[in-house]
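Peer 1: Listed in order, the protein sequences are those of chains A and B. Plus 200 on top of the position in the first sequence (first one is 1) and you've got this note's numbering. Plus 401 on top of the position in the second sequence (first one is 1) and you've got this note's numbering. Ideal placement from N, C-alpha and C gives every residue a C-beta, glycine not left out.
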Amino acid sequence: IAGITQAPTSQILAAGRRMTLRCTQDMRHNAMYWYRQDLGLGLRLIHYSNTAGTTGKGEVPDGYSVSRANTDDFPLTLASAVPSQTSVYFCASSKGTGARAYGYTFGSGTRLTVV
Amino acid sequence: ELKVEQNPLFLSMQEGKNYTIYCNYSTTSDRLYWYRQDPGKSLESLFVLLSNGAVKQEGRLMASLDTKARLSTLHITAAVHDLSATYFCAVDSYGGSQGNLIFGKGTKLSVKP
Numbered sequence: 201i202a203g204i205t206q207a208p209t210s211q212i213l214a215a216g217r218r219m220t221l222r223c224t225q226d227m228r229h230n231a232m233y234w235y236r237q238d239l240g241l242g243l244r245l246i247h248y249s250n251t252a253g254t255t256g257k258g259e260v261p262d263g264y265s266v267s268r269a270n271t272d273d274f275p276l277t278l279a280s281a282v283p284s285q286t287s288v289y290f291c292a293s294s295k296g297t298g299a300r301a302y303g304y305t306f307g308s309g310t311r312l313t314v315v
Numbered sequence: 402e403l404k405v406e407q408n409p410l411f412l413s414m415q416e417g418k419n420y421t422i423y424c425n426y427s428t429t430s431d432r433l434y435w436y437r438q439d440p441g442k443s444l445e446s447l448f449v450l451l452s453n454g455a456v457k458q459e460g461r462l463m464a465s466l467d468t469k470a471r472l473s474t475l476h477i478t479a480a481v482h483d484l485s486a487t488y489f490c491a492v493d494s495y496g497g498s499q500g501n502l503i504f505g506k507g508t509k510l511s512v513k514p
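1. Between B/S498 and A/G258, what straight-line distance do the alpha-carbon atoms span, to the nearest angstrom?
2. Residues of chain A with CB closer than 8 Å to the CB of B/S443, please, in chain order.
3. Does any residue of chain B bring its CB to less than 9 Å from the CB of A/S267?
4. Give me the Cα-Cα distance between B/Y436 and B/T428, rounded to the nearest whole angstrom.
5. Find the residues of chain B that neighbour A/S294, judging by a C-beta separation of less than 8 Å, and give them in chain order.
6. Out of B/S443, B/L475, B/P440, which one is the CA nearest neighbour of B/K457?
7. Alpha carbon to alpha carbon, what distance is there between A/T255 and A/A269?
8. Would you tell me roughly how many angstroms separate the C-alpha atoms of A/D273 and B/L462, rounded to the nearest one?
9. Could you pull out every residue in the same chain whose Cβ sits closer than 6 Å to the Cβ of A/Q211, ignoring the five residues on either side in sequence?
10. Give every residue of the same chain whose Cβ lies closer than 7 Å to the Cβ of A/R228, excluding the five residues on either side of it in the sequence, and list them in chain order.
11. Thinking just about the alpha-carbon of each residue, which of A/G263, A/Y235, A/T205 is nearest to the one in A/V282?
12. Which class does B/Q499 belong to by DSSP, given the choice of helix, strand or coil?
13. Can you tell me whether A/F290 is buried or exposed, with buried defined as 16 or more other CB within 10 angstroms of its CB?
14. Under the rule that 16 or more other beta-carbon atoms within 10 Å means buried, what is B/K506, buried or exposed?
15. Output yes if chain B places a C-beta closer than 9 Å to the C-beta of A/R236; else output no.
16. Among A/R236, A/Q206, A/R218, whose alpha-carbon lies nearest the alpha-carbon of A/T286?
17. Report yes or no: is there a C-beta of chain A within less than 9 Å of the C-beta of B/S446?
18. Alpha carbon to alpha carbon, what distance is there between B/D483 and B/V449?
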């Protein structure tokens, strides 16, 4: 089934630990995105990638890094987790990029708790 | 910076009633999305509105876009319990510094018998 796979689905993480959230898509979409969802704040963009080999910062990038080695994978890394990074993380992808982006698809999310 | 405001943020309705959720945004865009999210689930695409005056309907939900007023509405007709969920609008900023999709904070809809 075409779509986005995120792993893990949930995780409890000790503060200060490093963690990588995985995201894989099989739709050959050019652009991929990481959002965090917090109660009362909607979804906010962390990082994005318009094509393999390029990444960009979103609205709330501090404390996170990403890489895009190939079209399908877009991992999000927390180098040293802090409790304020407790959130639900959604990976998304789109056909086209920038002003031509369309056909957004969202993964099922990763619920991360930093204690 | 593009801002997207939804209201109301919480909506408790009785079954059979009608209501409208509003989505206002602060800068020019002619592409707007509506999503539904059930608790603990991902976002489900409901509507994509691509031009001024666009109107789309699916079942008891109808969405419209007025780009001149920078306003989209999601109208609920004769609500049923199955419509209980959180609804988000998202405006396309065409790849600006905030990224493509700028989300409102969501409207949590509860439909009671």
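Peer 2: Quick look at the numbers:
1. Walking along the second sequence from the start, residue 498 of chain B turns up at place 97. Walking along the first sequence from the start, residue 258 of chain A turns up at place 58. Below a pLDDT of 50, predicted positions are generally treated as unreliable, and B/S498, at 49, falls in that range; the measurement from the model is reported next regardless. Note on geometry: alpha-carbon atoms of B/S498 and A/G258 lie some 6 Å from one another.
2. Locating residue 443 of chain B in the second sequence gives position 42, counting from the first residue. Those within 8 Å of B/S443 in chain A are F290, F306, G307, S308, G309.
3. Taking the first sequence and counting its residues from 1, one reaches residue 267 of chain A at position 67. No, A/S267 does not count as interfacial toward chain B.
4. Here residue 436 of chain B refers to the residue found at position 35 when the second sequence is read from its first residue. Here residue 428 of chain B refers to the residue found at position 27 when the second sequence is read from its first residue. Computed Cα separation, rounded: 20 Å.
5. As a position in the first sequence, residue 294 of chain A is number 94, starting the count at 1. N501, listed in chain order.
6. Translated into positions along the second sequence, residue 457 of chain B becomes position 56. Comparing Cα-Cα distances from B/K457 to each of B/S443, B/L475, B/P440, the minimum goes to B/L475.
7. Counting from one through the first sequence, the residue named residue 269 of chain A turns up at place 69. Counting from one through the first sequence, the residue named residue 255 of chain A turns up at place 55. So the alpha carbons of these two residues sit roughly 10 Å apart.
8. On the first sequence, position 73 is the one that residue 273 of chain A refers to. On the second sequence, position 61 is the one that residue 462 of chain B refers to. Cα-Cα distance, rounded: 35 Å.
9. Residue 211 of chain A sits at position 11 when you count from the first residue of the first sequence. Cβ contact annotation for A/Q211 (same chain, cutoff 6 Å, sequence separation greater than five): L312, in chain order.
10. The residue given as residue 228 of chain A occupies position 28 in the first sequence. Hits under 7 Å: T271.
11. The residue given as residue 282 of chain A occupies position 82 in the first sequence. Ranking A/G263, A/Y235, A/T205 by Cα distance to A/V282 puts A/G263 first.
12. Counted from its first residue, the second sequence places residue 499 of chain B at position 98. Residue placement at B/Q499 cannot be trusted, given a pLDDT of 45 that sits under 50; what the coordinates show is reported in the next sentence. DSSP places B/Q499 in coil when its eight states are reduced to three.
13. Indexing the first sequence from 1 puts residue 290 of chain A at position 90. With 16 or more other Cβ atoms within 10 Å, it is buried.
14. By one-based count along the second sequence, residue 506 of chain B stands at place 105. That one is buried.
15. Sequence index remark: in the first sequence, residue 236 of chain A carries index 36 (1-based). No, A/R236 lies away from the interface with chain B (no Cβ there is under 9 Å from its Cβ).
16. Looking up residue 286 of chain A in the first sequence gives position 86. For A/T286, the nearest C-alpha among the options comes from A/R236.
17. Here residue 446 of chain B refers to the residue found at position 45 of the second sequence. For B/S446, the answer is yes, since a Cβ of chain A falls inside 9 Å of its Cβ.
18. Along the second sequence, read from residue 1 onward, the residue named residue 449 of chain B stands at position 48. Along the second sequence, read from residue 1 onward, the residue named residue 483 of chain B stands at position 82. Going from the Cα of B/V449 to the Cα of B/D483 covers about 21 Å.
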